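5 is the number of the first residue of the sequence shown in the numbering used here; add one for each residue after it. Heads up, the beta-carbon is just placed ideally off N, CA and C, and yes, glycines get one too. Keep in mind that this is a model prediction, so the values were computed, not measured.
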Amino acid sequence: MNQISFKHLRSDFSAGLVVFLVALPLCLGIAMASGAPLFSGIIAGVIGGLVVGYLSNSHVSVSGPAAGLTAIVLTAITTLGTFELFLTAVLLAGVIQLVLGFLKAGSISNYFPNNVIEGMLAGIGVIIFLKQIPHAFGYDREPEGDLSFVDDHGGNTFTELMDSFTYIHWGATLITAVALIILIAWEKIPSLKNLKLVPGALVAVLAGLIIDRIFIISGSSLAVQAEHLVTLPVASGLDDFKNLITLPDFTGFTNPDVWVVAITIAIVASIETLLCIEAGDRMDVYKRYSSTNTELKAQGIGNFLSGLIGGLPMTSVVVRTTANIKSGARTKLAAVIHGLLLLISVLTIPAILNMIPLATLAAILLLIGYKLASPSKIKHFWEQGKYQFIPFISTLVAVVVTDLLKGVAIGMVISVIFVLRGNLKRAYYFRKEKYHDGDIIHINLAEEVSFLNKAAIKLTLGHIPQHSKVKIDASNSVYIAHDVLELIREFKEIGGPERDIEVELIGFQDKYNLESSGNEDRNIFLNDKFSEGDQKQLIAELSSDND
Numbered sequence: 005m006n007q008i009s010f011k012h013l014r015s016d017f018s019a020g021l022v023v024f025l026v027a028l029p030l031c032l033g034i035a036m037a038s039g040a041p042l043f044s045g046i047i048a049g050v051i052g053g054l055v056v057g058y059l060s061n062s063h064v065s066v067s068g069p070a071a072g073l074t075a076i077v078l079t080a081i082t083t084l085g086t087f088e089l090f091l092t093a094v095l096l097a098g099v100i101q102l103v104l105g106f107l108k109a110g111s112i113s114n115y116f117p118n119n120v121i122e123g124m125l126a127g128i129g130v131i132i133f134l135k136q137i138p139h140a141f142g143y144d145r146e147p148e149g150d151l152s153f154v155d156d157h158g159g160n161t162f163t164e165l166m167d168s169f170t171y172i173h174w175g176a177t178l179i180t181a182v183a184l185i186i187l188i189a190w191e192k193i194p195s196l197k198n199l200k201l202v203p204g205a206l207v208a209v210l211a212g213l214i215i216d217r218i219f220i221i222s223g224s225s226l227a228v229q230a231e232h233l234v235t236l237p238v239a240s241g242l243d244d245f246k247n248l249i250t251l252p253d254f255t256g257f258t259n260p261d262v263w264v265v266a267i268t269i270a271i272v273a274s275i276e277t278l279l280c281i282e283a284g285d286r287m288d289v290y291k292r293y294s295s296t297n298t299e300l301k302a303q304g305i306g307n308f309l310s311g312l313i314g315g316l317p318m319t320s321v322v323v324r325t326t327a328n329i330k331s332g333a334r335t336k337l338a339a340v341i342h343g344l345l346l347l348i349s350v351l352t353i354p355a356i357l358n359m360i361p362l363a364t365l366a367a368i369l370l371l372i373g374y375k376l377a378s379p380s381k382i383k384h385f386w387e388q389g390k391y392q393f394i395p396f397i398s399t400l401v402a403v404v405v406t407d408l409l410k411g412v413a414i415g416m417v418i419s420v421i422f423v424l425r426g427n428l429k430r431a432y433y434f435r436k437e438k439y440h441d442g443d444i445i446h447i448n449l450a451e452e453v454s455f456l457n458k459a460a461i462k463l464t465l466g467h468i469p470q471h472s473k474v475k476i477d478a479s480n481s482v483y484i485a486h487d488v489l490e491l492i493r494e495f496k497e498i499g500g501p502e503r504d505i506e507v508e509l510i511g512f513q514d515k516y517n518l519e520s521s522g523n524e525d526r527n528i529f530l531n532d533k534f535s536e537g538d539q540k541q542l543i544a545e546l547s548s549d550n551d
């Protein structure tokens, strides 16, 4: 577990504040869409920040109630009959996740291809962008946090989008426009960009609140309606606050239906978490690798505590994680700060928070959605060729019109079909020879390396000692998957220098811009002349080192 570091407090506090502003309405909206008490979403957000944020091995991931679980939660509460029984299922799901972490089930995330992960991120970006347009215009038929394509009124994301143009509220629209101008100016104007202690998102929120107060005081019809404001439960005293806490029904331990719900939540929440952790590592500008097994343990403890005191189930969440990274978070302190701000705000200033127009928060999310699905990203994969673009765009579309898990599954199937059809590669085996500080580590790539080999290479690179010199030789390789090339490029440019590792690349094709030359020395071989036993031995050695 990485310890909390205050070295980058300024940037982490700024990022945590932005994530708090984004997370607050999402926690409430997801609880509303799930048919659960509103405060249960806040509880999950607080635990996701304070507990999971502290225990997690990820530097940038943020956890909280997830939109992908709303349908499961809604159905489960209806099936079990009471919210208290559902909380028992959440508690048990946390225990199951904890067991999965100790069984090292998180390792499956290494087998998600980059084009599928990027397609998932772009798809979520499109969903966020489309879903926020109605809120930006003051049309709030669906609660904030509902990211499903089909809505409860028989329509879908596109029909709701069309309806929003019919019910435009000009006051909310003006607030959105002002917020967007502030946010863009804060990114583009150097003098404003340097004000790291004053996030543009906070300025945008304050501006929206002040504009709406002016409309209300002046009696203008542009004043934002109550349903277009943040709606946080307000406790007038300690007794009211206690009433917001719900305890689980422990008699549910003997109920088979509770166990079915618990297993379902544990599996779905774990998969969503692993996808988000992999996506977060991809977006992390410092290219740090997170322990997915540690993350499953942290999520398990978080869900156990959330179920114990009346919270929704949680996962690592892409929307909040993206907001965290784009706001300049350096360490996991940002996630902890976001949870602390959630806790402090609901205890002290809920009435002030309930004055915030959703339009200002919609502006923040519109920019986040655009960055996730920017045209430059789509162009990048188009230029990579059909073997990269088709799985990417298929995942993007599938995530938008179905949901995250189905979309990723479709993308994985298409990616595997492409690999089997045009680039079916045999796996390689490798072994680790003894070396000492100052020796040169030499990695020989196999003749053919597919994305299925990414996990072993990632594990090897992650355990190369600091202050080393590494030579990666692709002289005998006729095919190297794009995922592996990206991994090696990032290690050479960012990951290696961060750990004072000198990286030399040999035999890479010029079109990858990774060409170098050098001599062989002490070796870690990645080729097909070693046995499966050698491979398992190295994995065991590296895993024990990591533990």
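Query: Contact the stretch 356-373 vs the stretch 202-219: 3+ CB pairs below 8 Å; Result: yes
Query: Endpoints, beta strand (DSSP E) assigned at H384; Result: Careful: H384 lies outside any beta strand (DSSP E), inside the alpha helix (DSSP H) at 379-387.
Query: Residue from G68, L89, A176 whose Cα sits closest to the Cα of Q136; Result: A176
Query: Candidates T92, S454, K473, of which the one nearest N118 by Cα; Result: S454
Query: Cβ shell of D270 (< 6 Å), same chain only, five flanking positions each side left out; Result: Per the sequence shown, residue 270 should be read as Ala rather than Asp. If we look at A270 and ignore the five residues flanking it on each side, its Cβ neighbours are A97, I100, Q101.
Query: Cut-off 8 Å between Cβ atoms - residues of its own chain near D144, not counting five sequence neighbours on either side; Result: P138, E231, H232, L362
Query: For Y290, three-class secondary structure by DSSP; Result: coil
Query: Contact between the stretch 45-55 and the stretch 11-31 (3+ Cβ pairs under 8 Å); Result: yes
Query: Per DSSP, cross-strand counterpart(s) of D477; Result: N448, I510
Query: Residues bridged to V154 (per DSSP); Result: N160
Query: Under the three-state DSSP convention, the category L346 falls into; Result: helix
Query: Segment contact, 8 Å Cβ cut-off, at least three pairs: the stretch 293-304 with the stretch 30-45; Result: no
Query: contact_flag[the stretch 63-79, the stretch 312-323] where n(CB pairs < 8 Å) is 3 or more; Result: yes
Query: Cα-Cα separation between V350 and L236, rounded to whole angstroms; Result: 8 Å
Query: Identity of the residue in F133, V56, I305, T335 nearest I8 by Cα; Result: T335
Query: Alpha-carbon to alpha-carbon, H446 and E282; Result: 27 Å
Query: Residue nearest to A560 in terms of C-alpha spacing, selected from N114, S18, A126; Result: In the structure as shown, the chain starts at 5 and stops at 551, and residue 560 therefore has no counterpart that could be examined.
Query: Rounded C-alpha distance that separates I510 from G212; Result: 55 Å
Query: Touch test, the stretch 377-384 against the stretch 104-113, Cβ-Cβ under 8 Å, three pairs minimum; Result: no
Query: Where L13 sits in the DSSP three-state scheme; Result: helix
Query: Under 8 Å between C-beta atoms of S320 and T277; Result: yes
Query: Option nearest D487 by Cα separation, candidates A266, S419, G85, G45; Result: S419
Query: Cα-Cα separation, S472 to A208; Result: 47 Å
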